[in-house]
Ligand SMILES: [Zn+2]
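In this note's numbering, the protein residues as written are 4 to 162.
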C-alpha cells in the first residue's frame, strides 16, 4: 500500500477542511485527529480500529466523533467504504489513484487484499454500451481461501 506523499496529505487535509466547513462544521482537534488516523491506519480497518488509532493521537476522541466523522471522510475522498458483505463495514485510505479496485476476501479469516483492476472499468463500459446503458458503479469481489498456514482459521482447523 503506497503511503500518501507530503503534498497529497496537505491536499487531502485541505479538501477535508473545505468539506466540513461547507457542512457548517469546524475542524476541531478531535476531527483532525480522526482525519490523521484515517490516513495512517494501514490496510482495511473497522470503525473500532479507527477509534483506537485516533485515541492514540488524541485521548479525547469519542466513539460518537468517529461515527460522525466517517461520512465526512468518505465525502471528502479521504477514505472509502469497502463493503465485503460482513456485519461490519471496512474502510480504506484513498491512495490517490483513480484506478478501479477489486477485493480478494478470504472466507475464513480477516484477510482482504485490495488489487488494481483497471480492466474492470473498461469491461463495465463495454458491456453497458452494448445494451445501450451507461455504468454508474460496479464492484468486483473474489471470495477466496488462503493457501498457507498464515490463515489463522485454516491453521486452527487442522488436526
Ligand atoms: Zn485466510
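Beta carbons: idealized from backbone N, C-alpha and C, even for Gly.
What first and last residue would you give for the alpha helix (DSSP H) that runs through residue i?
i          : result
residue 37 : 32-43
residue 26 : Segment: none, residue 26 is in no alpha helix (DSSP H) and carries neither H nor E.
residue 59 : 50-60
residue 75 : 66-78
Suppose the cutoff is 7 angstroms on Cβ atoms and the five residues either side in sequence are ignored; what does the same chain contact list for residue i look like?
i           : result
residue 60  : 36, 39, 40
residue 137 : 131
residue 109 : 147, 148, 149, 154
residue 72  : 34, 37
Under 8 angstroms by Cβ, that's how I've got residue i and residue j pegged, so tell me the actual separation to the nearest angstrom.
i          : j          : result
residue 42 : residue 12 : 7 angstroms
Can you find the residues in the same chain that come closer than 8 angstroms, C-beta to C-beta, to residue i, ignoring five residues on each side of it along the sequence?
i          : result
residue 44 : 52, 53, 56, 96
residue 79 : 15, 18, 19, 21, 22, 23
residue 81 : 15, 18, 19, 38, 41, 42, 96, 97
residue 92 : 49, 50, 84, 85, 86
For the beta strand (DSSP E) that contains residue i, what are its first and last residues?
i           : result
residue 146 : 144-147
What residues in its chain sit with their C-beta under 6 angstroms from that of residue i, if we drop five residues either side in the sequence?
i           : result
residue 116 : 107
residue 118 : 105
Original post:
So does the stretch 29-37 actually touch the stretch 58-76, counting three or more Cβ pairs closer than 8 angstroms?
Top reply: Segments in contact, yes.
**OP:** Go through the stretch 85-135 residue by residue and report every complete run of the alpha helix (DSSP H) that reaches 4 residues or more, in order.
**Re:** Counting only runs of 4 or more, we get 121-133.
Original post:
Quick check: the stretch 138-146 against the stretch 104-113, are there 3 or more CB pairs under 8 angstroms?
Top reply: Remark: three or more beta-carbon pairs, one from each stretch, lie closer than 8 angstroms, so the stretch 138-146 and the stretch 104-113 are flagged as touching.
Subject >> Three-pair Cβ contact test at 8 angstroms for the stretch 144-154 versus the stretch 121-134 >> reply: When C-beta atoms of the stretch 144-154 are compared with those of the stretch 121-134, fewer than three pairs fall below 8 angstroms, so the two segments do not count as touching.
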